[in-house]
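In our numbering, the protein residues as written are 6 to 185.
All C-beta atoms in this analysis are idealised placements derived from N, C-alpha and C, irrespective of residue type, glycine included.
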Amino acid sequence: LTSQSKPSIEKTTENEERKPHTSSSTPKGEIPALATSGGNTTSIHLEPTFNVPAEELYRTFIDKNRITAWSRSGINCLSGGGSEVCNGDVFELFGGNVTSELIASVPNKKLVFKWRLKDWRAKVFSSMCMEFHESKEYHETKLQVTWTGIPVGEEDRVRGNFEDYYVRSIKLTFGFGAVL
Numbered sequence: 006l007t008s009q010s011k012p013s014i015e016k017t018t019e020n021e022e023r024k025p026h027t028s029s030s031t032p033k034g035e036i037p038a039l040a041t042s043g044g045n046t047t048s049i050h051l052e053p054t055f056n057v058p059a060e061e062l063y064r065t066f067i068d069k070n071r072i073t074a075w076s077r078s079g080i081n082c083l084s085g086g087g088s089e090v091c092n093g094d095v096f097e098l099f100g101g102n103v104t105s106e107l108i109a110s111v112p113n114k115k116l117v118f119k120w121r122l123k124d125w126r127a128k129v130f131s132s133m134c135m136e137f138h139e140s141k142e143y144h145e146t147k148l149q150v151t152w153t154g155i156p157v158g159e160e161d162r163v164r165g166n167f168e169d170y171y172v173r174s175i176k177l178t179f180g181f182g183a184v185l
């Protein structure tokens, strides 16, 4: 990433919320198509590795207490209750800068989220599919992220925010791997 595409962080004290920088049930195996309200879109693919079983990593993305810990901002549930995010639950992270909805899940194997940044045009959502591949031999889990429907020109910002505010933060918060 270049310094221009690297997201900045808004933080003044350890106790304040972290916010990504912003500018002005599906058939098994399928990634749901989402309305993107016209315009050109693109995709990105990421494969971060975590030193933790797939079950623990999976829970890190659906357990509301864990989400609060790694996001350092709390989760604002717009729909759904309980201690875990369930299919159909809509929530905001990072002070409302990210809106997401869990639209499909296969326990310990797959999560599919409808996802958007606050400053994207109205009704523009991307689809983030996470597949968890555990290697018992190496005691790690590869998270394959296929992200579609990202507005063209936003891919570096989305990738940078995910790497910093999700992957890096989860590794630091829970000790799930080295951070370079």
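Supposed contact pair residue j and residue i - C-beta distance, whole angstroms, cut 8 Å
{"i": "Phe181", "j": "Leu98", "result": "In fact, because the Cβ distance is near 18 Å, the residues do not count as touching under 8 Å."}
{"i": "Glu52", "j": "Lys147", "result": "6 Å"}
{"i": "Arg164", "j": "Ile49", "result": "5 Å"}
C-beta atoms of residue i and residue j nearer than 8 Å
{"i": "Glu142", "j": "Pro58", "result": "no"}
{"i": "Phe96", "j": "Leu116", "result": "no"}
{"i": "Asn102", "j": "Phe137", "result": "no"}
{"i": "Pro156", "j": "Thr65", "result": "no"}
{"i": "Gly79", "j": "Gly85", "result": "no"}
{"i": "Ser110", "j": "Trp120", "result": "no"}
{"i": "Glu145", "j": "Thr54", "result": "yes"}
{"i": "Val90", "j": "Lys69", "result": "yes"}
Straight-line Cα distance separating residue j from residue i
{"i": "Phe167", "j": "Trp152", "result": "11 Å"}
{"i": "Gly87", "j": "Glu60", "result": "19 Å"}
{"i": "Arg77", "j": "Arg71", "result": "10 Å"}
{"i": "Ser30", "j": "Leu107", "result": "Note that Ser30 scores a pLDDT of 40, beneath 50, so its modelled location is shaky; the value from the coordinates is reported in the next line. Near 9 Å, if we compare the C-alpha coordinates of Leu107 and Ser30."}
{"i": "Phe179", "j": "Tyr170", "result": "14 Å"}
{"i": "Ala127", "j": "Asn56", "result": "38 Å"}
{"i": "Gly100", "j": "Leu185", "result": "27 Å"}
{"i": "Ala183", "j": "Arg173", "result": "9 Å"}
Residue i at chain D interface by Cβ criterion, 8 Å
{"i": "Ala127", "result": "Among the protein chains of the structure shown there is no chain D, as only one such chain exists."}
Sheet register partners of residue i (DSSP bridge)
{"i": "Ile72", "result": "Beta-bridge pairing links Ile72 to no other residue."}
{"i": "Val111", "result": "Lys115"}
{"i": "Phe137", "result": "Leu148"}
{"i": "Ala57", "result": "For the sequence presented, residue 57 should be read as Val rather than Ala. According to DSSP, Val57 bridges with nothing at all."}
{"i": "Ser131", "result": "Trp120"}
Simplified DSSP assignment, three categories, for residue i
{"i": "Val163", "result": "helix"}
{"i": "Leu188", "result": "Residue 188 lies beyond the range of the chain shown here (6 to 185); nothing can be said about it."}
{"i": "Phe96", "result": "strand"}
{"i": "Val150", "result": "strand"}
{"i": "Leu185", "result": "coil"}
{"i": "Ile80", "result": "coil"}
{"i": "Glu89", "result": "strand"}
{"i": "Glu106", "result": "strand"}
{"i": "Arg64", "result": "helix"}
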